[in-house]
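Straight run, no breaks: the sequence shown in our numbering ends on number 846.
Cβ atoms here follow ideal geometry from the backbone N, Cα and C, with glycine treated the same way.
Remarks on the structure that follows.
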Amino acid sequence: MAFYKNRTRGEKIRLWLMVVLGIAAIIVERIAMRLENLSGNERAWIDGVVLSCVGVMLILLVWDLISMRCTKKLEK
């Protein structure tokens with residue numbers, strides 16, 4: 771829990787956005803798996819939503835890792 775408490779407000783927001791986007795991607799994909807009669811366009815749209823969620827999540831993760839690395843360099 772110290773890992774979370776030592777973060778700034780912006781870092782906490784990015785962390786929660788990553789969690790929410792990950793859960794949203796899983797939920798959308800699960801719903802799509804249960805719907806059997808999807809056309810090609812509908813399936814492509816759902817895949818685009820899932821890939822967008824994962825892409826933004828990865829961008830936030832890289833941003834978080836870079837900011838943590840820069841902070842550690844400044845502390846030294």
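Inset, instruction - Specify, as a first and last residue, the run of the alpha helix (DSSP H) that Arg800 falls within. - result: By 1-based counting over the sequence shown, the position of residue 800 is 30. 779-804 is the span of the alpha helix (DSSP H), which, as asked, contains Arg800.
Inset, instruction - Spell out a yes or no on whether the stretch 812-828 and the stretch 784-797 are touching, meaning 3 or more CB-CB pairs, one atom from each, closer than 8 Å. - result: yes
Inset, instruction - For the stretch 780-789 and the stretch 829-838, state whether three or more C-beta atom pairs, one from each stretch, are separated by less than 8 Å. - result: yes
Legend entry - beta strand (DSSP E) runs wholly inside the stretch 806-843, at least 3 long, in chain order: none
Inset, instruction - Determine, using beta carbons only, whether Leu791 and Met827 come nearer to each other than 8 Å. - result: Numbered from its first residue, the sequence shown carries residue 791 at position 21. Numbered from its first residue, the sequence shown carries residue 827 at position 57. Against a cut-off of 8 Å, the Cβ pair of Met827 and Leu791 comes out as a contact.
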